[in-house]
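**Q** Here the numbering used here is used: the first residue of the sequence shown is 337, the next is one more, and so on. Don't be surprised by glycine CBs; every beta carbon is placed ideally from N, CA and C. Sending over a structure as structure tokens; questions will come in a sec.
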Amino acid sequence: MSSISIQHMTKRFGSNVAVNDVNLEIKDREFVVLLGPTGAGKTTLLRCVAGLERPDGGTVSIDGQDIKAQAPAERDLAFVFQSYALYPRKTVYQNIAFPLEARAMSKADIAAAVKRVAGMLHIEHLLERRPAQLSGGEQQRVALGRAMVRRPHAFLMDEPLTNLDFKLRAEMRSELKRIQQELSETFFYVTNDQVEAMSMADRMAVLNRGVIQQIGVPQEVYEHPINLFVAGFIGSPRMNLIKCKFDTATSTLIDSEDAWRLPVPNGLRDAVAATRNTDDLLFGVRAEDVSLSENGGDGGIPGSVYVVEPLGDRTIYDLRVGGGIFKVKAPPTFRVPTGKQLNLSFNLDRIHIFDAQTQQAIL
């Protein structure tokens, strides 16, 4: 159980800056997820913390002690790899026991520790098998068990669920959260899957091109994205973002083709009016914050159904409004065909407005 402090971390590969002046605090017993697209620098940052990469600048501290000069083995951090990295000729028992054997622990203590961890992971019946005899999910549990048995300062996890099928990934998400709470340990987890980040993290940090964009509780980041990247990256389907401008005389948003007008809520009105670029804005709204109706007289915005995506528990409608497309979530009981004219209404308390030039949210 330890806290991790990353201060001004920078890592370059030639002219490419993979990690750019990153600052991140991971509290004791906290589950922090680093989320970002492929190539954002997530794994590089994790490897710098583990000591597998030498940073070009910055420090890493565990419980306030600078560990930059320590070798990976001296840091006592458990690293769970995407590829599992199991020893193919060793049994499950031997794979899990290996870190303890390296510490010259007694056979009795090793057996007790392996049994305890195997019980937590529900793999007691697999201890005599070898990795080739295991499924992907079972191999992942063994890799996790090998890390857990050490009781390290913290766990570092590099996209450990990537190679699992969809159903197993969903099961392992809840299992990992349960294990972290049961162990009461510090987890630093890297992924490009927003569902993993939203469902498991106590806090999440969104990384893009080596720079942290936003840090916060998952729901806070989802509901209040700080810039266009975060708004577009988090959420499925992604947030609707439509070019518009602000009419100061009427305090309304007008799309680029003057196909619709929308009143700006009082809480946003002054902030939008104060921005320098009132003619170059983006209106943002999530698919669940738009409602559809067949009644054209309720003051909403008219649009025509362009694409219908039935997903079982919900249906996604793409509606063409002027020159833009709005994606809308609707219940499966709401069924209309392509080409149907509908009315769109917005939850004005949950809309977002961005400066198109700075790409920052107008809060």
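Answer with buried or exposed for Gly393, where buried requires no fewer than 16 other C-beta atoms within 10 angstroms of its C-beta.
**A** Exposed, by the Cβ-count rule.
**Q** Go to Met508, then tell me how far its alpha helix (DSSP H) extends in each direction, as first and last residue.
**A** Run containing Met508: Phe502 to Leu519, per the alpha helix (DSSP H) assignment.
**Q** Smallest Cα separation from Asn713: which of Arg425, Lys663 and Val608?
**A** Missing from the structure shown is residue 713; the chain here goes from 337 to 699 and no further.
**Q** Please work out which residues of its chain come closer than 6 Å, Cβ to Cβ, to Lys676, disregarding the five sequence neighbours upstream and downstream, and give them in chain order.
**A** Excluding sequence neighbours, Lys676 sits near Val641.
**Q** Hey, out of Pro667, Gly660, Trp596 and Asn631, whose CA is closest to Leu647's CA?
**A** Measuring from the Cα of Leu647, the nearest candidate turns out to be Pro667.
**Q** I need the DSSP call for Asp445, collapsed to helix, strand or coil.
**A** If DSSP states are grouped into helix, strand and coil, Asp445 belongs with the helices.
**Q** Put Ile562 into one of helix, strand or coil per three-state DSSP.
**A** In this structure, Ile562 counts as coil in the three-state DSSP scheme.
**Q** Count the other CB atoms within 10 Å of the CB of Phe523; is the residue buried (16 or more) or exposed (fewer)?
**A** Looking at its Cβ environment, which holds 16 or more other Cβ atoms inside 10 Å, Phe523 is buried.
**Q** Closest by CA to Asn528, which one among Glu556, Met493 and Glu507?
**A** Closest by alpha carbon: Met493.
**Q** Measuring only the C-alpha atoms, how far is Glu474 from Lys404?
**A** Going from the Cα of Glu474 to the Cα of Lys404 covers about 34 Å.
**Q** Less than 8 Å between the CB of Arg545 and some heavy atom of the ligand SAM, yes or no?
**A** Absence of the ligand SAM from the depicted structure is noted, as is the absence of any ligand whatsoever, leaving it without description.
**Q** Assuming Thr588 and Leu598 make a contact with CB atoms under 8 Å, what is their CB distance in whole Å?
**A** About 6 Å; that satisfies the 8 Å criterion.
**Q** Mind the definition here: the stretch 447-460 touches the stretch 498-506 only if three or more C-beta pairs lie below 8 Å; say whether that holds.
**A** Because the criterion of three Cβ pairs below 8 Å is not met, the stretch 447-460 and the stretch 498-506 do not touch.
**Q** What is the C-beta distance between Leu381 and Val358, in whole angstroms, given that I count them as a contact (C-beta under 8 Å)?
**A** Yes, they are in contact, since the Cβ atoms of Leu381 and Val358 sit about 6 Å apart, within 8 Å.
**Q** Please tell me whether Thr614 and Thr584 are closer than 9 Å, where the distance is taken between their beta carbons.
**A** Contact: yes.
**Q** When you compare the stretch 363-378 with the stretch 413-432, are there three or more beta-carbon pairs, one atom per stretch, that lie closer than 8 Å?
**A** No contact exists between the stretch 363-378 and the stretch 413-432.
**Q** Quick one, are the C-beta atoms of Asp402 and Pro488 less than 9 Å apart?
**A** Going by C-beta atoms, Asp402 is not nearer than 9 Å to Pro488.
**Q** By Cβ distance below 7 Å, which residues in the same chain neighbour Lys347 in space, the five residues on each side in sequence not counted?
**A** Here the set comprises Ala354, Val355, Thr380, Cys384, Glu389, Pro391 and Asp392.
**Q** What distance in whole Å lies between the Cβ atoms of His688 and Pro601, which are believed to be in contact at a cut-off of 8 Å?
**A** About 11 Å separates the two Cβ atoms, so there is no contact after all.
**Q** With a floor of 4 residues, list each alpha helix (DSSP H) that falls wholly inside the stretch 538-587, ordered by position along the chain.
**A** 554-559 and 564-569, all fully within the stretch 538-587.
**Q** Anyone know if the C-beta pair for Leu617 and Gly639 falls short of 9 Å?
**A** Their beta carbons are not under 9 Å apart, which means Leu617 does not touch Gly639 by this criterion.
**Q** For Ser535, which option in Phe349, Ile362 and Leu370 has the closest C-alpha, if you only look at C-alpha atoms?
**A** For the residues Phe349, Ile362 and Leu370, the minimum Cα distance to Ser535 belongs to Leu370.
**Q** Could you say which of Leu462, Thr674 and Ile398 lies nearest to Phe491 if we only look at CA atoms?
**A** Per the Cα distances, Ile398.
**Q** Please go through the stretch 461-492 and give each complete alpha helix (DSSP H) segment of 4 or more residues, from N-terminal end onward.
**A** If we require 4 residues or more, the alpha helix (DSSP H) runs fully inside the stretch 461-492 come out as 472-484.
**Q** Check the DSSP bridge columns for Val526 and list the partner residues they point to.
**A** For Val526, which the question treats as bridged, DSSP gives the partners Leu370 and Asp494.
**Q** Taking the continuous alpha helix (DSSP H) assigned at Leu684, which residues delimit it?
**A** Here Leu684 belongs to no alpha helix (DSSP H), and DSSP marks it neither H nor E.
**Q** Between the alpha carbons of Arg671 and Glu624, how many angstroms are there, rounded?
**A** Rounded to whole angstroms, Arg671 to Glu624 spans 16 Å at the Cα level.
**Q** In terms of alpha-carbon separation, which member of Val547, Ala386 and Glu460 lies closest to Asn352?
**A** Ranking Val547, Ala386 and Glu460 by Cα distance to Asn352 puts Val547 first.
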